[in-house]
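Chemist: The C-terminal position of the sequence shown is numbered 244 in UniProt numbering, with every residue numbered one higher than the one before it.
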Amino acid sequence: WGMVCPAETPDGQACGLVKNLSLMATVTVGTPSAPIVEFLEEFGLDSLVDMQLAHAKATKIFVNGVWMGTHDDPAQLVDTLRDLRRKDDISHEVSVVRDIRERELRIYTDASRVLRPVFIVNPHDMTLLIKKRHVEMIGQPIPQTGEEFRWTHLVQEGVIEYLDAEEEESVLICMSTTDLEQSREYKARNGQINLNSADPSARLKSVHTIAPDTWTHCEIHPAMVLGICASIVPFPDHNQSPRN
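#1: Quick check: Val155 and His92, are their CB atoms within less than 8 Å of each other?
#2: State buried or exposed for Gly44, treating a residue as buried only when at least 16 other CB atoms are found within 10 Å of its CB.
#3: If you reduce the DSSP assignment to three classes, tell me which class His134 lands in.
#4: Between which two residues does the alpha helix (DSSP H) harbouring His153 extend?
#5: Can you tell me whether Lys60 is helix, strand or coil according to DSSP?
#6: Taking just the CA atoms, how far does Pro141 sit from Leu17?
#7: Taking the C-alpha atoms as reference points, what is the distance between Asn64 and Asp46?
#8: Inspect the CB distances between the segment 2-13 and the segment 133-148 and report whether three or more fall short of 8 Å.
#9: With DSSP as the reference, label Leu163 as helix, strand or coil.
#10: Suppose the cutoff is 7 Å on Cβ atoms and the five residues either side in sequence are ignored; what does the same chain contact list for residue 287 look like?
#11: Nearest CA to the CA of Leu128: which residue from Val37, Gly139, Thr216?
#12: Could you give the uninterrupted runs of the beta strand (DSSP E) lying entirely in the UniProt domain "RNA polymerase Rpb2" (61-122), keeping only those of 3 residues or more?
#13: So what's Leu128 in DSSP terms, helix, strand or just coil?
#14: Out of Asp125, Thr178, Phe149, state which residue places its alpha-carbon closest to the alpha-carbon of Val135.
#15: How many Å lie between Gln182 and Met3 at the Cα?
#16: Taking the alpha helix (DSSP H) that Ala25 belongs to, which residues open and close that run?
#17: With DSSP as the reference, label Asp11 as helix, strand or coil.
#18: By a C-beta neighbour count over all protein chains shown, 10 Å radius and 16 as the cutoff for buried, is Ser22 buried or exposed?
#19: Flag this pair as yes or no: are the beta carbons of Glu219 and Val66 separated by less than 8 Å?
#20: Thinking just about the alpha-carbon of each residue, which of Val49, Cys174, Ala14, Ser112 is nearest to the one in Gly69?
#21: Please state whether DSSP places Pro32 in a helix, a strand or coil.
What follows is the structure in structure tokens.
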């Protein structure tokens, strides 16, 4: 979802084989894995060379598909790696995937992976980390360097994060800020959701079957699922006039 345009694909035998990137999707060019491996060794990685017998509950660590060793505290390791990525200490292209069921932690730094940007949600109060001041700074010179504040600076500030298809499986992304408002309302009402709305044209709210206070990211805009060609079609959510 959000990587490849669902509408722009040719008819006939090439249908589904020829794909178009979504509007904000990008492809990685690859970054060196040596700094990641050095960090893992300093962070308590039990190397396969030195390890006699792995702990039964130890998590296997993979870097670009190569088994590097095991670690006893994968949750802390994942949080540290993501903090380093959001602080721009490691490249935003690095993907960190924790598979709890298989007890694996997979880190990817290779090329040719499709990424897409999403807003990061503050887990404590269910609000976006991006604030009004970030939006107002776009296009303005940065006081320290005089450089113009751009999209890359939003990524370096840690308010926008790039995810690949595999890391998306380990996060929970809401569609809009309305879902975050509903989560805060749910928490304020001690688990009760007010489904009655005075506005008959308001978007229907569904009762979440999951805990609604666990969002980790938020979509930038639902229309970003489309590619360039599909996004310029007027009224794409309406029927064609010949079909009425």
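Beta carbons: idealized from backbone N, C-alpha and C, even for Gly. It should be emphasised that the depicted structure is a prediction, and the values quoted were computed from it without experimental measurement.
Modeler: Reading from the atomic positions:
#1: yes
#2: exposed
#3: helix
#4: 151-157
#5: In this structure, Lys60 counts as strand in the three-state DSSP scheme.
#6: 44 Å
#7: Asp46 has its alpha-carbon roughly 18 Å from the corresponding atom of Asn64.
#8: no
#9: strand
#10: As shown, the chain starts at 1 and ends at 244. That puts residue 287 outside it, with no answer to give.
#11: Thr216
#12: 66-71, 95-99, 104-108, 114-122
#13: strand
#14: Phe149
#15: 27 Å
#16: Per DSSP, Ala25 belongs to no alpha helix (DSSP H) and is neither H nor E.
#17: coil
#18: buried
#19: No.
#20: Val49
#21: coil
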